[in-house]
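These notes concern the structure reproduced below.
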Amino acid sequence: MAKLLFFGRLGDLAGGIERSVGLSEPHSVAALIGVLEAGDRLLGSALLEGRVRYALNGTIVDRDAMVADGDELAFLPPVSGG
246 MAKLLFFGRL
256 GDLAGGIERS
266 VGLSEPHSVA
276 ALIGVLEAGD
286 RLLGSALLEG
296 RVRYALNGTI
306 VDRDAMVADG
316 DELAFLPPVS
326 GG
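To convert, take the position in the sequence shown, counting from 1, and add 245; that gives my numbering.
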């Protein structure tokens with residue numbers, strides 16, 4: 246199982262901060278977003294926003310990064326403040 250983490254408003258859209266998905270083979274971040282979007286268009290659209298970042302096992306990656314079983318993928322919304 247891969248663990249998906251949704252922070253900030255993305256957690257609100259996802260209905261919780263954590264989901265697990267079983268992957269029989271590695272998927273790109275973009276492909277996983279496509280799977281999520283198929284079930285929830287609003288969430289999928291939010292995850293594709295240009296300012297959302299993706300962290301795979303603690304390292305910032307782009308949408309082409311491959312996610313496998315046992316990985317942790319965090320979706321990080323833009324942050325503001327001062």
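For glycine and all other residues, C-beta sits at the position ideal for the given N, C-alpha and C. Note that this is a predicted model, so its numbers are computed, not measured.
Beta-carbon gap between residue i and residue j smaller than 9 Å
i, j, result
"L301", "E317", "yes"
"S290", "E282", "yes"
"G322", "R286", "In the sequence as presented, Gly is not what sits at residue 322; that position holds Pro. The answer is no: Cβ separation not under 9 Å."
"E263", "L249", "yes"
Start-to-end residues for the beta strand (DSSP E) that takes in residue i
i, result
"L293", "Neither: L293 is in no beta strand (DSSP E) and is coded neither H nor E."
As assigned by DSSP and simplified to three states, the class of residue i
i, result
"A247", "strand"
"R308", "coil"
"L321", "strand"
"E328", "Missing from the structure shown is residue 328; the chain here goes from 246 to 327 and no further."
"A276", "helix"
DSSP bridge partner residues for residue i (one or two, in chain order)
i, result
"E263", "L250"
"L301", "T304, L318"
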